[in-house]
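Residue numbers (this note's numbering), protein chains in the order written: chain A, 12 to 193; chain B, 39 to 472. Positions of the beta carbon are idealized from the N, C-alpha and C atoms, including for glycine. Remember, predicted model here, so these are calculated numbers, not experimental data.
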Amino acid sequence: MSDWTKVPGYLSTKEEHGETTIVVERAHIRDACAYARDELGFNVLIDVVATDYLGWPEKGVSGYIGTASGRDLNMPMTQGLQALPETKPARFSISYHLLALRQGAPRLRLQCWLEDGDPVDTVVPVWPAADWFEREQYDLMGIRFHGHPNLERLLMEDDWEGHPLRKDYPLGGEPVRFSPAE
Amino acid sequence: MSTTLQNVGRARRWPIVGDPIYEGSRIPLRVPTILDVPPALHETDDIMQVNFGPNHPSTHGVLRLIVDLDGEDVVGLSAVVGYLHTGFEKNMEQKTWWKAITYPERIDYVGYQNNELVFVLAIEKMLDLEVPEKATWMRMLLCELNRIHSHLVYLGTSALELGAISMFWYCFRERETILDLFELVAGQRMHTRYFQAGGLAEDIPGGFFPEARKFVEIMPGALDEYLTILDRNQIWLERTQGVGLLSADDAIALGQSGPVLRASAVDWDLRRDAPYLAYDQVDFRVPVYTGGDVYDRYRVRMDEMAESVKIARQCLDRLERMEGEPWISDDRKVVLPPREELHTSMESLIHHFKIVTEGYRVPAGEVYVAVESPRGESGCYVVSDGGPRPWRVHFRAPSFAALQATATCSGGALIADLIAIVGSLDAVMGDVDR
């Protein structure tokens, strides 16, 4: 279809399940978004979603057999050996799901990768819709969107500690009042 | 104010139809979702800041709006959400795929069936699972009934907030009938968990079709009754017409979808433009209005209910001829074996045990699936590491996007209009906060 290599900061393309993912350099994500909107016609920002790949796939998160940490007895996986998923370039991915309002409803996923603490440019100037989408990912995943006009917590309380959707966030990790330590 | 498709080609291109609702953009410049008090007004010292919600009955749950008032005029507004955040996405990462199916329904608790559908479709897309035709059509039928149910809740509560209390009772009368249908099928009035990866959880029970037929027969008459109550009611018209304007360009920039988008002159419906299930095999019309106000959002939903009845009738025609056909795929690695086999087949017993205890595995990868829920594009982004539990689940919530338009719609509105505007965006707070 289109010549994706012209997207600013282009790194690679992936076609999977009929969906197109374009990985771009983190520094060029806003240019890539503006290009997708203006030149490729993807005029709607549907969603911004970050994923934490911490422990992918070495830790027995889903109970693999033959991982570095060995077999996890609490999460057995006995339906036969399977291939380990491909490794990821960095800890976090941010996916921008775009939609073009035209015949065939084509969709595109722009993706960039970053380590903990790396800033990524906001796309609010490209799509105002990114305002809450980015705030949510900042709140729950701790991604810092550089240049966002109002980067505050959205769903959690203002004084909440940590970012709950991270893989290293403890489950049931709410502090208990009046514990002996206090 | 008609469904103007004739206007296509007049300067603007499909899917945007009709004349611009207003010139330029009204999206606040500094922060798109916050209406700032103009500095000149700020100095007059006449501004009163009011906390509207989170426990106000007209906020449909727990939406909090911080409103700056100059007399009755809304001059500043910012929305505070998160009071209903329950960590669905985190929870689902801890459950096996088939246990996680129960969660999406509780996210958007009014459009529950559509939310369940989008997650199940995402699993099936990753598994490349074939779904029997009967299940597809039954899913469509239930989703359309659910759409009517959702719009009835919108209509009843929105009218109630503007003082039309009888409207609420009328709407909830028909809503009750729909819930009875769901109870008949799944044993639950809401949150049915009737969709299963691969098909349906159980066969369609006997006696369902006559009851569903009865409903599709009474519903058009009921819609006429609603129109009679509201559509020539001077109070309703004056409270809704020209209020809460949102232009097509602003709606697109703010990521709006569903009825809000279609009331802003954008002719876009995923059921027609990116068909899933068997929507390409049914005959229906996509209502589009060009006013972009509260009234047009109401009209879009009214028309949609009529269209949903039409689709439901076509689904029933098909389903009634599918007696005895399979309702779930027979992929034994994913789908539970039939109950009676457990007594006679060792393999079935093993499969049953495996699927229930450790769950089926889903190949590694990522997918995004979207459906047209009653509130707009409801999407599900899923990452799998190849294990029995999702690595990451994220829901694109149409209500979340819709609430972002509050500041744009409310510029220059009166405080009383704010209630009509928030109602017309039809946000379900469970969907917003997840």
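Going along the chain, which residues of its own chain have a beta-carbon closer than 7 Å to the beta-carbon of residue 320 of chain B, five neighbours each way excluded?
-> 349, 352
Identity of the residue in B/108, B/117, B/225, B/428 nearest residue 101 of chain B by Cα = B/117
Using the rule of at least 16 other Cβ atoms within 10 Å of the residue's Cβ for burial, across every protein chain shown, is residue 175 of chain A buried or exposed?
-> The C-beta of residue 175 of chain A has 16 or more other C-beta atoms within 10 Å across all chains shown, which makes the residue buried.
Have a look at A/39, A/62, A/15 and flag the residue whose alpha-carbon is nearest the alpha-carbon of residue 126 of chain A.
-> Checking every option, the nearest Cα to that of residue 126 of chain A belongs to A/62.
Just to confirm, are residue 133 of chain A and residue 145 of chain A a CB contact at a threshold of 8 Å?
-> yes
Residue nearest to residue 392 of chain B in terms of C-alpha spacing, selected from B/134, B/65, B/64 = B/134
What residues from the segment 134-166 of chain A come within 7 Å of chain B, judged by C-beta to C-beta, listed N to C?
-> Here the close residues are 135, 138, 139, 140, 142, 143, 160, 161, 165, 166.
Where residue 431 of chain B falls: helix, strand or coil (DSSP) | strand
Taking 8 Å as the CB-CB limit, is residue 121 of chain A close to chain B?
-> Among the CB atoms of chain B, none fall inside 8 Å of the CB of residue 121 of chain A.
Give the interface partners of residue 108 of chain A over in chain B, defined as CB-CB distance under 9 Å, in chain order.
-> 406, 408, 417, 419, 434
Note down, in chain order, all residues in the segment 199-211 of chain B with a beta-carbon under 7 Å from any beta-carbon belonging to chain A.
-> none
Touching by the beta-carbon criterion (3+ pairs, under 8 Å), the segment 152-160 of chain B and the segment 396-413 of chain B = Here the segment 152-160 of chain B lies against the segment 396-413 of chain B, with 3 or more beta-carbon pairs under 8 Å apart.
Which residues in chain A sit within 7 Å of residue 499 of chain B, going by Cβ to Cβ distance?
-> A query on residue 499 of chain B cannot be resolved here, the shown segment of chain B reaching from 39 to 472 and no further.
Thinking just about the alpha-carbon of each residue, which of A/140, A/165, A/35, A/47 is nearest to the one in residue 118 of chain A?
-> A/47
Quick one: what does DSSP say residue 25 of chain A is sitting in, helix, strand or coil?
-> strand
Chain A partners of residue 430 of chain B, CB-CB under 7 Å?
-> For residue 430 of chain B, the neighbours in chain A by C-beta distance under 7 Å run, in chain order, 62.
Could you tell me the boundaries of the beta strand (DSSP E) in which residue 410 of chain B lies?
-> 403-411
Tell me the DSSP bridge mates of residue 279 of chain B?
-> Looking at the DSSP assignment, residue 279 of chain B forms no beta bridge with any residue, so it has no partner.
Taking Cβ positions only, does residue 243 of chain B come closer than 8 Å to chain A?
-> no
Mapping DSSP to helix, strand and coil, what is residue 530 of chain B?
-> Lying before the first or after the last residue shown, residue 530 of chain B is absent from chain B, which here runs from 39 to 472.
What residues match up with residue 208 of chain A in a beta bridge as DSSP calls it?
-> Outside the shown range of chain A, which is 12 to 193, sits residue 208 of chain A, and nothing can be said about it.
Let me know the secondary structure DSSP gives residue 116 of chain B once reduced to three states.
-> Correct three-state label for residue 116 of chain B: strand.
Given a threshold of 16 other Cβ atoms within 10 Å of its Cβ, counted over all protein chains shown, does residue 462 of chain B qualify as buried or as exposed?
-> Buried, since its Cβ has 16 or more Cβ neighbours within 10 Å.
Look at the Cβ atom of residue 75 of chain B, then the Cβ atom of residue 113 of chain B, and state whether they are nearer than 8 Å.
-> yes
Can you tell me whether DSSP reads residue 121 of chain A as helix, strand or coil?
-> strand
Own chain partners of residue 110 of chain B with C-beta closer than 7 Å, once the 5 adjacent residues on each side are dropped | 452, 453
Residue range of the unbroken beta strand (DSSP E) whose run includes residue 155 of chain A | 155-157
Express the C-alpha separation of residue 197 of chain B and residue 241 of chain B in angstroms, rounding to a whole number.
-> Straight-line measurement puts the Cα of residue 197 of chain B at about 38 Å from the Cα of residue 241 of chain B.
Quick one: using the 10 Å Cβ neighbour count with 16 as the cut-off for buried, is residue 333 of chain B buried or exposed?
-> buried
Classification of residue 274 of chain B by the beta-carbon crowding that lies within 10 angstroms, buried from 16 upward = buried
Give the straight-line distance between the Cα atoms of residue 481 of chain B and residue 331 of chain B, rounded to the nearest whole angstrom.
-> It is not possible to answer for residue 481 of chain B, since the shown part of chain B is limited to 39 through 472.
Assigned exposure category for residue 254 of chain B - 16 Cβ within 10 Å defines buried | buried
Whose Cβ in chain B lies nearer than 8 Å to the Cβ of residue 28 of chain A?
-> Those within 8 Å of residue 28 of chain A in chain B are 163, 164, 403, 405.
If you pair each beta-carbon of the segment 185-199 of chain B with each one of the segment 334-343 of chain B, do three or more pairs fall below 8 Å?
-> yes
Give a yes or no on whether the minimum CB-CB distance between residue 197 of chain B and chain A is below 8 Å.
-> No - not a single Cβ of chain A is within 8 Å of the one on residue 197 of chain B.
Could you tell me whether any Cβ in chain B is nearer than 8 Å to the Cβ of residue 105 of chain A?
-> no
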